[in-house]
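Numbering (this note's numbering), first residue to last: 1 to 235.
Right under this line is the structure:
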């Protein structure tokens, strides 16, 4: 019997907030604010229109929905039943084309549909699972040779603890307390090693920064806290 690579407490935590996914002033406001940045960055690398995309850990579908509206054919997967129901309902209400959602683990989908996707996205998800390296391997299995895989996660260092937990959760209250666990943060060197082990080639990286004064996010070269990786699967 295969052990599910998921933390029941993490699933419950996001499930309880599921009804607020599409409230842009809720706990998910940061995801709505950063979504145009990550969408544009993904699109610049992968040119997603007409491509088959799987969004790993899609939650309520914020990124999945926006990629579909850019012309991609999107499958969003997650293990949070409540979040997926919210995503499905939003797709119906907003009449979003070419997007569907499934409750399935990344590893299970990789076994079912290897090499079936042009693009794989896994954003703000790796730091919430017990075995992130397993997810990276599954992402590599899912993407076609010559395809693209995108990750975003949080660095593990004193600055990241200060900014992502103390600042974001306790001082600025951008996120609910307990959203992140410092021990699960991932250094870029660790993620880069998992990529190499999985046959993925790192092509580009960006950091994401936030100003409490302007309440704005932007991409930069500073990967000391939040960072994004663009990876290519060798043909």
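We treat Cβ as the ideally placed atom computed from N, Cα and C, and that holds for glycine.
Assigned exposure category for residue i - 16 Cβ within 10 Å defines buried
i	result
residue 23	exposed
residue 12	exposed
residue 235	exposed
residue 229	buried
residue 220	exposed
residue 110	buried
residue 159	exposed
residue 65	buried
residue 17	buried
residue 141	buried
residue 136	buried
residue 166	exposed
residue 15	buried
residue 115	exposed
residue 81	exposed
residue 25	exposed
residue 31	buried
Beta-carbon proximity of residue i to residue j, cut-off 8 Å
i	j	result
residue 21	residue 86	yes
residue 155	residue 205	no
residue 199	residue 233	yes
residue 102	residue 75	yes
residue 128	residue 7	yes
residue 207	residue 182	no
residue 70	residue 48	yes
residue 68	residue 51	no
residue 29	residue 63	no
residue 270	residue 201	Any property of residue 270 remains undetermined from this structure, which presents the chain solely from 1 to 235.
residue 104	residue 153	no
residue 169	residue 5	no
residue 106	residue 83	no
residue 108	residue 61	no
Bridge partners - residue i, DSSP secondary structure assignment
i	result
residue 100	75
residue 141	According to DSSP, which records beta bridges pairwise, residue 141 is partnered with nothing at all.
residue 154	226
residue 163	Bridge partners of residue 163: none, in fact.
residue 232	148 and 201
residue 136	Beta-bridge pairing links residue 136 to no other residue.
residue 121	55 and 150
Quiz prompt | 3 or more residues per run - each beta strand (DSSP E) lying fully within the region 171–227 | solution = Runs of beta strand (DSSP E) with 3 or more residues, each lying fully within the region 171–227, are found at 200–211 and 216–220, listed in chain order.
Quiz item: Contact between the region 51–59 and the region 115–130: three or more CB pairs below 8 Å?
Solution: The region 51–59 vs the region 115–130: in contact.
Quiz item: Below 8 Å, can you find three or more Cβ-Cβ pairs linking the region 56–71 to the region 123–140?
Solution: As far as the Cβ criterion goes, the region 56–71 touches the region 123–140, which means the pair count is three or higher.
Practice problem: Count the CB pairs spanning the region 138–149 and the region 172–189 that are closer than 8 Å, and state whether there are at least three. | Solution: By the criterion of at least three beta-carbon pairs nearer than 8 Å, the region 138–149 is not in contact with the region 172–189.
Exercise. Count the CB pairs spanning the region 206–213 and the region 180–194 that are closer than 8 Å, and state whether there are at least three.
Key: Of all C-beta pairs linking the region 206–213 to the region 180–194, fewer than three are shorter than 8 Å, placing the two stretches out of contact.
Self-check item: Complete alpha helix (DSSP H) runs within the region 23–69 (minimum length 4 residues, chain order)
Solution: With a minimum length of 4 residues, the continuous alpha helix (DSSP H) runs that stay inside the region 23–69 are 29–46 and 62–69.
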